[in-house]
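Structure record follows, encoded as structure tokens.
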Amino acid sequence: MPATGLVIVFMALPLLYLLRYSFNDFVPGEFMVQGFTLANYAAFFSDHYYLSGMATTLVMAGSVTALCIVLALPLANWVARQSGTLKTLLLMAIILPLFISNAVRAAGWMVAFGQTGVLNYALVKLGIVSAPLTIMHTPLAVFIGITAVNLPYVVLTLQSIFEGLDENIDYAAASLGAPPLQAFMLVRLPQIMPGLLAASVLSFILAMNAYATPVLLGGPSFRMMAPMIVTEILSKANWPLGAALAFILLSVTITISVAAGLFIRRRY
């Protein structure tokens, strides 16, 4: 009960206040005026600027999640099969980035992606390109940055699921002549599908709400919902519109997450 009370006080009540703000009027110079209007929500659906920001956010979240799953599946499966010191070192290497803030990691990517950064220096020296590439302030930079943030969460989720699988099933598949890849796709993968979908939802939610990485790697012209919300509230002091954008983002994220959860429950 005390934990539930803390959740209500520190999470639910602020959200309710923010929801109430989203129905207020915004008057420049007066912060906001108490009222009840749907103009802030209408502004989102009628303005291409905000719609494109939501579209970019959805595409980025889906793309990042897909790549994280592709990279995490073999890595998590391999880590789960290790033991002793090697496994400990591998888990430490996966967990260590989680202790570094997203802003610090994004700053590191800025150094790597710059015109004189490590990546461009290597590409030029190897003769792959004749001039430095423009990587900073592009969707590619944001995509790589968010993927690097989300990947450890997906790997750890899948690794814990692989740990619980019975290896005798793999031996049985091998004894029946199934190659390793076929055994993985037809035997192990169906067993971890609920966990795989859960890891996908986790990655999707994290990507949908990414802020520091899009701001630092995407630049001011790159549109994703979280930076747009912060801009409306802090830079323009337009709390009603910022609150409306926040609840639209929250609603879309919750809807997709609930739909995925229902699919998992019904299918598995």
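The sequence shown maps to residues 1 to 268 in the UniProt record's numbering.
A virtual CB, placed ideally from N, CA and C, is assigned to each residue, including glycine.
Hey, would you say Leu-158 sits closer than 8 Å to Ala-76, going by beta carbons? The sequence position of residue 158 within the sequence shown is 158, counting from 1. The sequence position of residue 76 within the sequence shown is 76, counting from 1. Taking 8 Å as the Cβ cut-off, Leu-158 and Ala-76 qualify as a contacting pair.
Mapping the DSSP letters down to three states, classify Asp-25 as helix, strand or coil. Position 25 of the sequence shown, counted from the first residue, corresponds to residue 25. In this structure, Asp-25 counts as strand in the three-state DSSP scheme.
For Leu-178, collect the residues of the same chain with a Cβ closer than 8 Å to its Cβ; drop the 5 residues on either side in sequence, then sort them by chain order. By one-based count along the sequence shown, residue 178 stands at place 178. Sequence check: residue 178 is Ala here, not Leu. Closer than 8 Å at Cβ, skipping near neighbours: Leu-186, Val-187.
On the DSSP bridge list, what partners appear for Val-33? Translated into the one-based positions of the sequence shown, residue 33 becomes position 33. The partner list for Val-33 (beta bridge, DSSP) reads Asp-25.
Endpoints, the alpha helix (DSSP H) within which Leu-170 is located: Looking up residue 170 in the sequence shown gives position 170. Correcting the residue type first, residue 170 is Asp in the shown sequence and not Leu. Here the alpha helix (DSSP H) through Asp-170 covers 167-175.
Presumed contact (8 Å Cβ cut-off) between Ile-256 and Phe-204, rounded CB distance: The count along the sequence shown starts at 1 and reaches residue 256 at position 256. The count along the sequence shown starts at 1 and reaches residue 204 at position 204. So it is a contact: roughly 7 Å between Cβ atoms.
What residues in its chain sit with their C-beta under 8 Å from that of Tyr-17, if we drop five residues either side in the sequence? If you number the sequence shown from 1, residue 17 lands on position 17. Excluding positions up to five away in sequence, the list is empty.
Using 10 angstroms around the beta-carbon of Asn-102, count the other beta-carbons present and answer buried if the total reaches 16, otherwise exposed. Here the question's residue 102 lines up with position 102 in the sequence shown. Asn-102 is buried by the Cβ-count criterion.
Distance between Val-9 and Leu-38 (C-alpha atoms, nearest Å): To locate residue 38, count along the sequence shown from 1; it is residue 38. To locate residue 9, count along the sequence shown from 1; it is residue 9. The C-alpha of Leu-38 lies about 27 Å from the C-alpha of Val-9.
According to the neighbour-count rule (16 or more other Cβ atoms, all chains shown, within 10 Å of its Cβ), is Gly-5 buried or exposed? Looking up residue 5 in the sequence shown gives position 5. Gly-5 is classed as exposed because its beta carbon has fewer than 16 other beta carbons within 10 Å across all chains shown.
Contact under 8 Å by Cβ, Leu-90 with Val-79: In the sequence shown, the residue the question calls residue 90 occupies position 90. In the sequence shown, the residue the question calls residue 79 occupies position 79. Yes, the Cβ-Cβ distance between Leu-90 and Val-79 is below 8 Å.
DSSP state of Ile-95 mapped onto helix, strand, coil: In the sequence shown, residue 95 corresponds to position 95, counting from 1. Of the three classes helix, strand and coil, the one that applies to Ile-95 here is helix, per DSSP.
Whole angstroms is fine: what's the gap from Thr-231's alpha carbon to Asn-168's? As a working mapping, residue 231 is identified with position 231 in the sequence shown. As a working mapping, residue 168 is identified with position 168 in the sequence shown. One C-alpha to the other measures close to 55 Å.
At least 3 beta-carbon pairs within less than 8 Å: the segment 143-150 vs the segment 207-220: Flag = yes, the segment 143-150 and the segment 207-220 touch.
Unbroken alpha helix (DSSP H) runs of length 4 or more, entirely within the segment 121-195: which are they? List check, alpha helix (DSSP H) in window: 139-163, 167-175, 180-183.
Would Pro-220 be called buried (16 or more neighbouring beta carbons within 10 Å of its own) or exposed? Taking the first residue of the sequence shown as 1, we reach residue 220 at position 220. Classification for Pro-220: exposed.
Do Leu-197 and Ile-264 count as a contact pair if the criterion is CB distance below 8 Å? The count along the sequence shown starts at 1 and reaches residue 264 at position 264. The count along the sequence shown starts at 1 and reaches residue 197 at position 197. Their beta carbons are under 8 Å apart, which means Ile-264 touches Leu-197 by this criterion.
Would you mind sorting Phe-162 into buried or exposed? The rule is 16 or more other CB atoms within 10 Å of its CB. Start at 1 with the first residue of the sequence shown, and residue 162 comes out as number 162. For Phe-162, the number of other beta carbons within 10 angstroms of its own is at least 16, and it is reported as buried.
Could you tell me the distance, in whole angstroms, from the CA atom of Pro-194 to the CA atom of Met-208? One-based indexing of the sequence shown puts residue 194 at position 194. One-based indexing of the sequence shown puts residue 208 at position 208. So the two alpha carbons sit approximately 21 Å from each other.
So what does DSSP say about Ile-100, is it helix, strand or coil? For this step, residue 100 is matched to residue 100 along the sequence shown. The answer is coil: DSSP assigns Ile-100 none of H, G, I, E or B.
Excluding the 5 residues flanking Asn-24 on each side, which residues of the same chain have their C-beta closer than 7 Å to its C-beta? Here residue 24 refers to the residue found at position 24 of the sequence shown. Excluding residues within five positions, the ones whose Cβ falls inside 7 Å are Met-32, Val-33, Gln-34, Gly-35, Pro-240.
Tell me the DSSP secondary structure of Lys-236 in three-state form. Taking the first residue of the sequence shown as position 1, residue 236 is located at position 236. Note: Lys-236 maps to coil in three-state DSSP.
For Val-142, tell me which candidate among Ala-43, Leu-126, Met-110 has the shortest Cα-Cα distance. In the sequence shown, counting from the first residue as 1, residue 142 sits at position 142. Among Ala-43, Leu-126, Met-110, the Cα nearest to that of Val-142 belongs to Met-110.
Check whether the segment 107-125 and the segment 57-64 are in contact - that is, three or more C-beta pairs closer than 8 Å. In short, these stretches do not touch, since the Cβ pair count stays below three.
Beta-carbon proximity check, Ser-22 vs Ala-237, cutoff 8 Å: Here residue 22 refers to the residue found at position 22 of the sequence shown. Here residue 237 refers to the residue found at position 237 of the sequence shown. The answer is no: Cβ separation not under 8 Å.
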